[in-house]
Structures are given as structure tokens and as C-alpha cells.
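Scroll down for the structure; my scribbles are underneath it.
2 protein chains.
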Amino acid sequence: MAAGGSLREVSRRAVQSRIARTAESLFADKGFEETTVDEIAAAVGMSQRSFFRYFSSKDDVVFDSVERLRVTLAERLASRPIDECAWESLRRTFDPVAERFADPELRAHDKAVQQIIDRSPRLLAAYLCHLERLQRTLTEAILERATRRTGREPDPVVVRAMVGGACACLHAATLHATGDPEVFDVSLDRAMSALRPASMPT
Amino acid sequence: MAAGGSLREVSRRAVQSRIARTAESLFADKGFEETTVDEIAAAVGMSQRSFFRYFSSKDDVVFDSVERLRVTLAERLASRPIDECAWESLRRTFDPVAERFADPELRAHDKAVQQIIDRSPRLLAAYLCHLERLQRTLTEAILERATRRTGREPDPVVVRAMVGGACACLHAATLHATGDPEVFDVSLDRAMSALRPASMPT
DNA sequence: ACCGGAAGTGTCAGTGACTGACAATCATTG
DNA sequence: CAATGATTGTCAGTCACTGACACTTCCGGT
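In order, the protein sequences belong to chains A and H.
When the first sequence is numbered by the numbering used here, its final residue is 205 and no position is left out of the sequence of numbers.
When the second sequence is numbered by the numbering used here, its final residue is 205 and no position is left out of the sequence of numbers.
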């Protein structure tokens, strides 16, 4: 069952990324709002209806890669040693973001996506929503880990705020270092060591 | 000129808040997505076209009060003493949020709005966008103040991250204390003292 | 080779948010 | 009263998105 489904999943993903690539190049050319779904579908060679069978909204095309990154970060946090302090774990969790810059192709792609997002208020809103989801994911992981480690549940408000603070550092570093991995790493380290909580949970 | 415009502004604002009240009660009844702009316009007694002359989008109706709160907070931050540490200033900047809970009518209103937002993913995205705007506003104010005080510009990444951290505390406290001013104050204090940066700019 | 269903696709019609253009109305001022 | 400017309604149109239905293709069983 799982294997059969998997094969189909692969081809579905292939179509999705073909659509995403096409759409992104159109967005980069004409802008997001100025590109209609009809145009994307035509460029890919399918009907508008089929486009919506692969992406539930026009916005989702842009966040295809962002969503995958979220999953990567969640896995990274899960793989951190349980006795590491939470702030340090969060800092390490963000490493894959910098690692993406290593591949020049990925870097160019990410930069283009970032520009598309920045130019559209609607996309910016959606992007923040994804960051919020990331934040929720990480918060739950930290909460669960702290509970497993200390035996009792830590203050959820503080943990949520702390993860929010870490994500704010990530966001600030991303905004400041558009594309340069060196600058990103340095900025993130500076921000995160400045914001390091005095009393560290876990 | 300013006075003449002001009079017209007042009446415009009156119509806006009449629309907002009507719309919010419809949203509370049927949900945001399920309420059409046509229905709102009809309930207020105007054409759909005129609705869009007062609010640039359906979303904006909901954020009427949120936007006003943003202006209030910006003013509050500006009125803080220049030699106060930034983190403390930010904490005091958030006081009006708690103060809103004092008035039972406002509290009920805010709670209703919060529920409407929470039930709609689209509104949640827009809400985060408003928080981001608040964050940008506060960041600029802190940067400007620090520059005025120390004579040289502080690290923008760190300041942005710090404001982001403070806003994360605000957000966490808001989520946790839905409507109870006591709980809100205590939660915010706990979160903000846990996240207080070791090295404080300004 | 034939048949059956499952999965993917195109077409079409419809809804709802939003915009531009234009004409009618209404209040204000000279 | 007339000219002017702001406010409004009407109408037509665009675009994202959805549901329904018919059609093709591909595949395993007979």
C-alpha cells in the first residue's frame, strides 16, 4: 500500500515542482499579483482547474520550498541532544537555513522567492503565517523535550515567548543578510547571543 | 484646511465604525468567510461599492481597532523617558493592551474580534502582518531613540531581534490570557523577565 | 483481447472579492 | 440660483477558487 502510494507521490511532487519552477519565473518577470493562474497553467500546459489540483491556492506555489524547510528544521531540533540548553538547540536548529546558502543554485532560488514575497503584501502575510507555524512546531518540540527531561511541564508562556524570540532573531538575520551566508551566520549569532535569556529553561 | 478636512474625517470615521460594528456582529454570528460583503453592505444600508470606499478590503474591517491600537502603542513608546532601558520601555509600551481590558465593553469587543480572527486562517495571516507592522514601527522608534541618546547607531539586527522578542512575549501573553487582565499582566511580566536580554542596548 | 474501475484531466458554470467608469445626488459656497 | 466638489449607486468586468460532469488513460483480472 505505502509503496504504491509512494510512487504516485513522487510523480505528483515532480509535477508540483515543474509548476513551481514555471510560476516562479513568471512571478520574477511580471510580479506575483500581475501573473494570473490562467497564465501559469497555460505556461505549464494544463488547465486552470488542474493547477488547483496540485496547489490549493496561488500563494501555495511560492511557499512550496518554505514548507519543506519547516519540516527540515523540525527534524533538526528533534535530533539535538536532550540535555542541550534550549537556546543553543534553537540556534543549531537554524543551521540548515545557512546551509541552504552553500548551494549557489538554492541561494539564487531562495533570493528570488524572497524578492517575490517582499513585493507583495498578500504574500508577506502568508509568509508570516508560515513563520508562525514554524514557531508553533518548535514550541511544541521544546515543551515536549523539557517535560521529558525534567519530568514536569515548564511555563508554556515563557517557552512560547522564547521560541518567538529565537524566530525573531532568525527573521532579523534573514532580512539583514539577503543571500550572503557569512553575514547571515554572523548576524544570527550576534542577535541570538544578545537575546539569550538569563534564566534558561532546559 | 486641516480643520475642514478634520470635520470630514470625523464623519468618515463615524461611518467606518458603524460598518465595523455591523460587520463584526455578522461575523460573530455566521463566521467571517460565510459572510459576504454584499450582506454587510445591505445590513448597513449601502451599496457594496460604497463599502469598499470605506474599507479597502473585507479583512480591513476586522483590523480597524487593531490598527488604532498600533498607533496608540507607538505614541506610548515615544512618550517614555529617553534614558530608560529599551526592554523596560517596551514593557511599558504594552500597558495600553492591558488597560483595554479594564473597560468591560472593550474587553468583550476585543475577545469577539480575537475569536473571529482565530477561526479564519486568512485573517490570522493578516493579523500577523499587523503584528509585523507594529514590530517595524517599534523597531524604528527604538533605533531612532538609541541614536539620539548615544550619538551613534546601534546594531539594527540586534534591535530588530529584541523588539521581535518583546512582541513575541506580547503575543504569547495574549494567547495565554484570553480576556483576563490579571493573567495577562502576570504572563507578560513572566515572559518578559525571562527573555530580558543580558546586554541591554540603550 | 476484453472489461472494469481508479486516477488524472478538461470543460463549464457559478460564487465572491474587488476595481474602474459613469451618471445622479447632495451640500456648500459664491 | 448656479457652479462646484464630494458621496453615492449602478453596471460591467477581472480574477481566484470550487463543484459537477464527462472523457481519457492505464492497469489488473478474466
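Here a beta-carbon is modelled for each residue, glycine too, at the ideal position from N, C-alpha and C.
Figure out for me which residue from the options has the closest Cα to the Cα of residue i.
{"i": "Asp-192/H", "options": "Arg-56/H, Thr-181/H, Ala-169/H", "result": "Ala-169/H"}
{"i": "Glu-108/A", "options": "Arg-199/A, Ala-194/A, Met-195/A, Arg-24/A", "result": "Arg-24/A"}
{"i": "Asp-178/A", "options": "Thr-140/H, Pro-159/H, Pro-99/H, Ala-89/H", "result": "Looking at the sequence provided, one finds Leu at residue 178/A rather than Asp. Comparing Cα positions, the closest option is Pro-159/H."}
{"i": "Arg-163/H", "options": "Pro-200/H, Asp-67/H, Ala-176/H, Val-116/H", "result": "Pro-200/H"}
{"i": "Leu-126/H", "options": "Val-166/H, Lys-61/H, Arg-95/H, Ser-82/H", "result": "Lys-61/H"}
{"i": "Glu-135/H", "options": "Lys-114/H, Trp-90/H, His-174/H", "result": "His-174/H"}
{"i": "Arg-139/A", "options": "Cys-88/A, Ala-77/A, Ala-44/A", "result": "Ala-77/A"}
{"i": "Asp-86/H", "options": "Met-49/H, Glu-12/H, Arg-152/H, Arg-16/H", "result": "Arg-152/H"}
{"i": "Ala-17/A", "options": "Asp-67/A, Leu-29/A, Thr-96/A, Ser-28/A", "result": "Asp-67/A"}
{"i": "Arg-161/A", "options": "Arg-148/A, Ser-202/A, Ala-128/A, Leu-131/A", "result": "For clarity, residue 161/A is Val in the given sequence; the question names Arg instead. Comparing Cα-Cα distances from Val-161/A to each of Arg-148/A, Ser-202/A, Ala-128/A, Leu-131/A, the minimum goes to Ser-202/A."}
{"i": "Asp-63/A", "options": "Lys-114/A, Gln-19/A, His-112/A", "result": "Gln-19/A"}
{"i": "Cys-88/A", "options": "Gly-182/A, Asp-113/A, Ser-14/A, Arg-148/A", "result": "Arg-148/A"}
{"i": "Val-116/H", "options": "Trp-90/H, Arg-15/H, Glu-12/H, Gly-182/H", "result": "Gly-182/H"}
{"i": "Ser-28/A", "options": "Leu-72/A, Pro-124/A, Val-65/A, Phe-58/A", "result": "Val-65/A"}
{"i": "Arg-73/A", "options": "Val-13/A, Glu-12/A, Tyr-130/A", "result": "Tyr-130/A"}
Between residue i and the rest of its own chain, which residues show a CB-CB distance below 8 Å, the 5 nearest in sequence each way excluded?
{"i": "Pro-184/A", "result": "Ala-101, Phe-104, Ala-105, Arg-110"}
{"i": "Ser-196/H", "result": "none"}
{"i": "Thr-150/H", "result": "Glu-156, Pro-157"}
{"i": "Thr-75/H", "result": "Pro-99"}
{"i": "Val-166/A", "result": "Leu-93, Gln-138, Leu-141, Thr-142, Ile-145"}
{"i": "Trp-90/A", "result": "Met-165, Ala-169, Met-195, Arg-199, Pro-200, Met-203"}
{"i": "Gly-154/H", "result": "none"}
Does residue i come out as helix, strand or coil in the three-state DSSP assignment?
{"i": "Pro-124/A", "result": "helix"}
{"i": "Pro-84/H", "result": "coil"}
{"i": "Asp-32/H", "result": "helix"}
{"i": "Phe-58/H", "result": "coil"}
{"i": "Thr-150/A", "result": "helix"}
{"i": "Ser-50/A", "result": "coil"}
{"i": "Ile-22/A", "result": "helix"}
{"i": "Thr-177/H", "result": "helix"}
{"i": "Asp-106/H", "result": "coil"}
{"i": "Phe-97/A", "result": "coil"}
{"i": "Gly-167/A", "result": "helix"}
{"i": "Asp-183/A", "result": "coil"}
{"i": "Thr-38/H", "result": "coil"}
{"i": "Val-69/A", "result": "helix"}
Report the partner residues of residue i according to the DSSP bridge assignment.
{"i": "Pro-159/A", "result": "BP columns for Pro-159/A are empty, so no partner."}
{"i": "Pro-200/H", "result": "Pro-200/A"}
Just to confirm my understanding: we take residue i, look at its own chain, exclude 5 residues before and 5 after, and list those with CB closer than 6 Å. What are they?
{"i": "Leu-69/H", "result": "Checking the displayed sequence, the identity of residue 69/H turns out to be Val instead of Leu. Taken in chain order, the residues that qualify are His-133."}
{"i": "Ser-190/A", "result": "Ala-176, His-179, Ala-180"}
{"i": "Phe-187/H", "result": "Ala-101, Ala-176, Ala-180"}
{"i": "Phe-30/A", "result": "Thr-38, Ile-119"}
{"i": "Arg-15/H", "result": "none"}
{"i": "Phe-58/H", "result": "Val-64"}
Got a sec: does the ligand FAD put a non-hydrogen atom nearer than 7 Å to the Cβ of residue i?
{"i": "Asp-192/A", "result": "This structure lacks the ligand FAD, and indeed carries no ligand of any kind."}
Note down, in chain order, each residue of its chain lying with its Cβ closer than 7 Å to the Cβ of residue i, except the 5 sequence neighbours on either side.
{"i": "Ala-45/A", "result": "none"}
{"i": "Cys-172/A", "result": "Leu-191, Ala-194, Met-195, Leu-198"}
{"i": "Pro-84/A", "result": "none"}
{"i": "Val-47/H", "result": "Arg-21, Ile-22, Thr-25"}
{"i": "Leu-80/H", "result": "Ser-92, Thr-96, Leu-141, Ala-144"}
{"i": "Val-40/A", "result": "Gln-51, Phe-54, Lys-61"}
{"i": "Asp-113/A", "result": "Arg-103"}
{"i": "Glu-42/A", "result": "Leu-29"}
{"i": "Met-49/A", "result": "none"}
>> Contact between the segment 140 to 158 of chain A and the segment 42 to 55 of chain A is defined here as three or more beta-carbon pairs at a separation below 8 Å; is this criterion met?
In response: The segment 140 to 158 of chain A makes no contact with the segment 42 to 55 of chain A; the number of CB pairs closer than 8 Å stays below 3.
>> Between the segment 112 to 122 of chain A and the segment 29 to 36 of chain A, can you find at least three pairs of beta-carbon atoms closer than 8 Å?
In response: Judged by Cβ distances under 8 Å, the segment 29 to 36 of chain A makes contact with the segment 112 to 122 of chain A, as three or more pairs qualify.
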